[in-house]
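Peer 1: Let me give you the structure first, and then I'll get to my questions.
Protein chains: 2
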Amino acid sequence: MNRNCRLSIDFILLSLCASISVFADPLPSWNDTAPKKSIEAFVEKVTTSGSPDFVPPAKRIAVFDNDGTLWAEQPMYFQALFIFDRIAQLAPDNPSWKTTEPFASVLKGDIQSALKGGEKSLIEMTMATHAGITTKEFEAAVTEWLATSRHEKTGRRYTEMVYQPMLELLDYLRAHGFKTFIVSGGGIEFMRPWVEQAYGIPPEQVVGSSIKTKYEVRDGIPAIVRLPEMNFIDDKEGKPVGINQHIGRRPILAAGNSDGDFQMLEWTSAGEGARLGLLIHHTDAKREWAYDRDSHIGRLEKGLDEAERRNWVVADMKADWKKIFRDLD
Amino acid sequence: MNRNCRLSIDFILLSLCASISVFADPLPSWNDTAPKKSIEAFVEKVTTSGSPDFVPPAKRIAVFDNDGTLWAEQPMYFQALFIFDRIAQLAPDNPSWKTTEPFASVLKGDIQSALKGGEKSLIEMTMATHAGITTKEFEAAVTEWLATSRHEKTGRRYTEMVYQPMLELLDYLRAHGFKTFIVSGGGIEFMRPWVEQAYGIPPEQVVGSSIKTKYEVRDGIPAIVRLPEMNFIDDKEGKPVGINQHIGRRPILAAGNSDGDFQMLEWTSAGEGARLGLLIHHTDAKREWAYDRDSHIGRLEKGLDEAERRNWVVADMKADWKKIFRDLD
């Protein structure tokens with residue numbers, strides 16, 4: 148079958164999907180407030196053939212931050228909790244950790260002291276727990292941790308703390324020919340083992356921070372080994388750089404929740420034609436957490452100050468979302 | 148529309164495509180020799196539901212080297228020819244080049260002397276011609292060069308020197324649910340402006356060598372600026388590393404033509420289940436070029452020595468391909 152035939156069938160498929168979606172609310176967990184209306188208006192104008200804002204399917208790139216945008220991030224990034232648990236797990240093989248900071252504090256359960264060294268400590272703990280093994284071994288460690296751990300406040304698995312309204316948004320966009328990507332400050336290989344099942348986003352559509360790796364053949368068996376050296380930090384100014392490196396074209400939709408996403412929204416919005424910038428504002432202390440300008444995690448200040456001027460949509464979790472977390476099976 | 152609906156429609160689409168392709172030869176430019184049969188047998192077994200070798204569509208990742216595999220690479224990588232032309236173009240703004248090597252030799256048309264400095268000279272020339280501008284400016288330079296240059300031997304545009312049998316293979320694989328990627332030692336941003344039109348491969352499915360970039364906002368307008376520093380070399384051991392970084396899963400099919408592709412084929416073949424490694428052997432001095440063990444470009448020695456033992460398919464361009472270059476419009 149040639150490419151033209153494939154394209155025609157894809158076109159029929161897209162038209163069919165568009166027709167079906169007329170009949171059901173594609174975003175049932177969103178209240179009928181301004182953010183939902185803005186999202187729907189944007190999708191309609193970029194997908195309506197003949198509209199001056201029409202964007203062909205290949206260019207419908209949508210990027211989503213992960214922590215605090217697609218799943219929760221309190222009381223601390225879940226990857227940090229993985230690091231602490233992994234330090235405890237690896238401690239028997241690393242007896243010196245008992246007397247060496249920041250590991251000693253982690254082993255005593257004193258996370259606050261462990262984090263006193265700032266980014267340097269965090270990177271040191273990341274290297275000690277994420278490097279020196281193959282990518283396959285690391286994937287197994289992440290998968291096992293997610294299967295056996297529960298969030299201290301909700302009692303849910305971490306992968307059950309993904310936001311139902313955002314799952315609907317991802318599905319809605321894909322049904323309209325968008326390609327959805329994660330662009331996160333979190334570790335790319337920490338996300339890849341579970342995001343396909345959780346969000347329907349395949350590993351090749353994940354952009355994140357990474358450490359260097361090396362190809363090795365041991366006893367005839369090739370492996371990719373993780374090295375204790377940072378490769379790329381996909382945060383703030385790094386996000387447009389990561390998007391350019393991995394995707395190679397500018398998104399038309401970007402969603403985030405913190406000032407770490409500012410440049411990603413700025414870069415997206417500055418493209419020609421219709422663009423949508425979306426900020427998730429954590430305002431619901433009862434159903435989730437309420438935090439913004441003064442938070443140690445997911446701090447959102449510049450984004451709130453500039454959203455109106457930049458025509459970014461701010462979704463207020465308390466006012467705009469009927470549900471927070473995904474329905475449990 | 149929910150994801151299940153989309154998946155069902157995709158399934159119907161794939162089945163439909165498979166049915167259509169029964170009636171026409173999907174690889175008309177391949178002779179009915181062993182390589183074509185091996186490719187068809189592989190695709191049939193990984194796409195036949197119920198087959199012990201069945202691979203679900205999401206895992207049907209196929210990776211292709213570019214230079215010498217999808218398009219020609221003689222008398223020199225086309226990106227090198229772009230570099231030399233760009234040095235001539237930028238020379239008026241860089242008067243010191245007239246007396247500084249390797250630039251002086253390039254300006255005299257003495258490429259052999261310019262390349263005497265080996266990799267160091269080549270990187271120096273790459274930086275001088277690829278960095279210091281925005282990604283948008285670089286894309287424009289590549290696009291303009293491709294539109295206005297012709298190959299000295301064939302008189303064709305470089306993008307007309309893509310291999311017809313490989314275009315058919317890419318289409319055939321995509322019609323069977325494969326996702327096709329380029330994994331090339333060439334510059335990722337040198338390829339992205341034209342590979343979608345030439346091969347049907349979108350920019351986000353291109354893995355390549357890269358220089359570092361930086362996000363900047365000048366007078367309120369954000370841009371990504373190319374820096375004179377290597378970021379990643381996607382060749383030899385770098386290919387599995389680049390695949391892991393960008394794609395995050397192991398391919399089930401890899402095609403290359405030189406020992407720079409050896410590790411990519413090795414990594415692909417070492418995965419569980421059915422795998423296909425394909426080497427394109429340049430044997431046709433009349434219709435293209437004949438070169439392998441002693442070539443300064445696209446040297447193929449280890450691959451030829453080990454192909455049989457590793458069950459890699461070697462396509463002999465002279466014996467197995469009816470056509471070489473793509474049909475001109």
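Residue numbers (my numbering), protein chains in the order written: chain A, 148 to 476; chain B, 148 to 476.
Ideal placement from N, C-alpha and C gives every residue a C-beta, glycine not left out.
Return helix, strand or coil for Val193(B), following the three-state DSSP convention.
Peer 2: Reduced to three states, the DSSP call for Val193(B) is helix.
Peer 1: Report all residues from its chain with a CB closer than 8 Å to the CB of Arg396(A); omit the five preceding and five following residues, and keep chain order.
Peer 2: Lys206 and Ile208
Peer 1: Would you call the segment 413-429 of chain B and the segment 451-462 of chain B touching, i.e. three or more CB-CB distances under 8 Å?
Peer 2: yes
Peer 1: Using the beta-carbon count (16 or more within 10 Å), is Phe201(B) buried or exposed?
Peer 2: exposed
Peer 1: Could you tell me the alpha carbon to alpha carbon distance between Lys383(B) and Gly445(B), rounded to whole angstroms?
Peer 2: Near 12 Å, if we compare the C-alpha coordinates of Gly445(B) and Lys383(B).
Peer 1: For Asn391(A), which residues in chain B fall below 8 Å Cβ to Cβ?
Peer 2: Thr282, Thr360 and Ile371
Peer 1: Look up Ser331(A) in the DSSP assignment and say whether it is helix, strand or coil.
Peer 2: strand
Peer 1: Output the residue ranges of the beta strand (DSSP E) runs that lie fully inside the segment 431-464 of chain A and measure 3 residues or longer, sorted by chain position.
Peer 2: Runs found: 460-463.
Peer 1: If you count every other CB in all the chains shown that lies within 10 Å of the CB of Lys245(A), and 16 or more means buried, which is it?
Peer 2: exposed
Peer 1: Buried or exposed, going by whether 16 or more other CB atoms sit within 10 Å of the CB of Val364(B)?
Peer 2: exposed
Peer 1: Taking the DSSP output, what are the residues bridged to Gly424(A)?
Peer 2: Ala401(A)
Peer 1: Decide if Gly302(B) is buried, meaning its Cβ has at least 16 other Cβ atoms within 10 Å, or exposed.
Peer 2: exposed
Peer 1: Whole angstroms is fine: what's the gap from Asp463(A)'s alpha carbon to Met313(A)'s?
Peer 2: Straight-line Cα distance between these residues: approximately 13 Å.
Peer 1: Who does Met274(A) pair with in a DSSP beta bridge?
Peer 2: DSSP output for Met274(A) lists no bridge partner at all.
Peer 1: State yes or no: is the C-beta of Asn178(A) within less than 8 Å of the C-beta of Asp467(A)?
Peer 2: yes
Peer 1: Taking 7 Å as the limit between beta carbons, can you name the residues of its chain near Asp406(B), skipping five residues before and five after?
Peer 2: Closer than 7 Å at the Cβ level, and outside the excluded window around Asp406(B), lie Arg446, Leu447, Glu448, Lys449 and Gly450.
Peer 1: If you measure between the beta carbons of His323(A) and Val210(A), is that distance less than 8 Å?
Peer 2: no
Peer 1: Any beta carbon from chain B within less than 8 Å of Gly332(A)'s own beta carbon?
Peer 2: The beta-carbon of Gly332(A) is placed no less than 8 Å from the nearest beta-carbon of chain B.
Peer 1: Give the DSSP-derived three-state secondary structure of Asp474(A) in the structure shown.
Peer 2: In this structure, DSSP gives Asp474(A) a state outside helix and strand, which the three-state scheme calls coil.
Peer 1: Would you say Lys192(A) touches the ligand FAD, meaning its beta carbon is less than 7 Å from a heavy atom?
Peer 2: Among the components modelled here there is no ligand, and therefore nothing to report on the ligand FAD.
Peer 1: Tell me the residue span of the beta strand (DSSP E) that contains Met377(B).
Peer 2: Ile368 to Phe379
Peer 1: Would you mind stating whether Gln352(B) and Lys386(B) have Cβ atoms separated by less than 8 Å?
Peer 2: In terms of Cβ geometry, Gln352(B) and Lys386(B) do not form a close pair [threshold 8 Å].
Peer 1: Compare the beta carbon distance of Val330(A) and Met223(A) with 8 Å and say whether it is the shorter of the two.
Peer 2: Contact: no.
Peer 1: Nearest to Pro242(B) by alpha carbon, out of Phe231(B), Pro375(B) and Leu254(B)?
Peer 2: The residue with the shortest Cα to Cα distance from Pro242(B) is Leu254(B).
Peer 1: List, in order along the chain, the chain A residues whose C-beta lies closer than 9 Å to that of Glu384(B)?
Peer 2: The contacting residues are Lys361, Tyr362 and Glu363.
Peer 1: Any chance the segment 339-347 of chain A sits against the segment 284-291 of chain A, with 3 or more Cβ pairs inside 8 Å?
Peer 2: yes
Peer 1: Nearest to Asp408(B) by alpha carbon, out of Ser196(B), Gly215(B) and Thr180(B)?
Peer 2: Gly215(B)
Peer 1: Using a Cβ-Cβ cut-off of 7 Å (strictly less than) and excluding sequence neighbours within five positions of Ile280(B), which residues of its own chain qualify?
Peer 2: Arg373
Peer 1: What number of angstroms, rounded off, separates the C-alpha of Gly424(A) from the C-alpha of Ala181(B)?
Peer 2: Inter-residue distance for Gly424(A) and Ala181(B) is about 53 Å (C-alpha atoms, whole angstroms).
Peer 1: Skipping 5 residues on each side, what residues in its chain have a beta carbon closer than 8 Å to that of Ile234(A)?
Peer 2: Hits under 8 Å: Trp244, Phe250, Val253, Leu254, Met272, Ala275 and Thr276.
Peer 1: In angstroms with no decimal places, state the Cα-to-Cα distance between Arg321(B) and Lys470(B).
Peer 2: 21 Å
Peer 1: DSSP puts Val210(A) in a beta bridge; with which residues?
Peer 2: Phe328(A) and Ala401(A)
Peer 1: Take the Cβ of Thr360(B) as the centre, count every other Cβ of all protein chains shown within 10 Å, and call the residue buried at 16 or more, exposed below.
Peer 2: Counting Cβ neighbours within 10 Å, Thr360(B) comes out buried, since at least 16 surround it.
Peer 1: Show which residues of chain A have a CB atom less than 7 Å away from the CB atom of Ala417(B).
Peer 2: Ile368 and Pro369
Peer 1: Any beta carbon from chain A within less than 8 Å of Gly407(B)'s own beta carbon?
Peer 2: So no, Gly407(B) is outside the interface.
Peer 1: Would you identify the three-state DSSP class for Gly355(B), choosing helix, strand or coil?
Peer 2: strand
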